[in-house]
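Trainee: Here it is: the structure, laid out below.
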Amino acid sequence: MSRDDDAPRVKYPFAFDGRWVLRHHVPYSVEHEGRTHRIVATVFSQPSVHGRVQISCEGLPPVEHDGLTPGDTVEVTGDTWRVAEVDYRTCVVLEGPADTHGEDSGDQADA
1 MSRDDDAPRV KYPFAFDGRW VLRHHVPYSV EHEGRTHRIV ATVFSQPSVH
51 GRVQISCEGL PPVEHDGLTP GDTVEVTGDT WRVAEVDYRT CVVLEGPADT
101 HGEDSGDQAD A
């Protein structure tokens, strides 16, 4: 089984109450427009707490948003998300376009 097969598969965007919690080092596989995008968030403590969100998709160059702190923005499959919170070694919380898609797409389980 490949690493992508182990990743949680979610319908994009996977937000609850307008927030998408990307857990530290948990790979997400997001299906969007017939392609699978792999998303991984990492949180660092030095020189100060900040996050990184890496997005890759077969056949496209990977995208990396680094040095993320609350208020920064990231783009995921063409949608802009605002970084709401960066919690060291726990998660990067995004607030975003769930309202532009009409409604939240599902419940987010705490892991």
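Residue numbers are given in my numbering: position 8 of the sequence shown equals residue 8, and the series is strictly consecutive.
Backbone N, C-alpha and C define an ideal beta-carbon position, used for all residues, glycine too.
These numbers come from a predicted model, not from an experiment.
For valine 92, which beta-bridge partners are listed by DSSP?
Mentor: According to DSSP, which records beta bridges pairwise, valine 92 is partnered with Leu22, Val86.
Trainee: Write down the C-beta distance between tyrosine 88 and valine 26 rounded to the nearest angstrom, noting that I regard them as a contact closer than 8 Å.
Mentor: That pair is no contact at about 15 Å.
Trainee: Measure the C-alpha to C-alpha separation of threonine 73 and valine 83 and round it to an integer number of angstroms.
Mentor: In a straight line, the C-alpha of threonine 73 is about 6 Å away from that of valine 83.
Trainee: Please work out which residues of its chain come closer than 8 Å, Cβ to Cβ, to arginine 23, disregarding the five sequence neighbours upstream and downstream, and give them in chain order.
Mentor: If we look at arginine 23 and ignore the five residues flanking it on each side, its Cβ neighbours are Ala41, Thr90, Cys91, Ala111.
Trainee: Let me confirm a value: leucine 68 is counted as buried when at least 16 other C-beta atoms fall within 10 Å, else exposed. Which label applies?
Mentor: By the neighbour-count rule (16 or more Cβ atoms within 10 Å), leucine 68 is buried.
Trainee: Please classify leucine 60: is it buried, with 16 or more other beta-carbons within 10 angstroms of its beta-carbon, or exposed?
Mentor: Leucine 60 should be labelled exposed.
Trainee: So histidine 32 and isoleucine 55 are supposed to be a Cβ contact under 8 Å. How far apart are they, rounded?
Mentor: At roughly 11 Å, the Cβ-Cβ gap does not stay under 8 Å, so histidine 32 and isoleucine 55 are not in contact.
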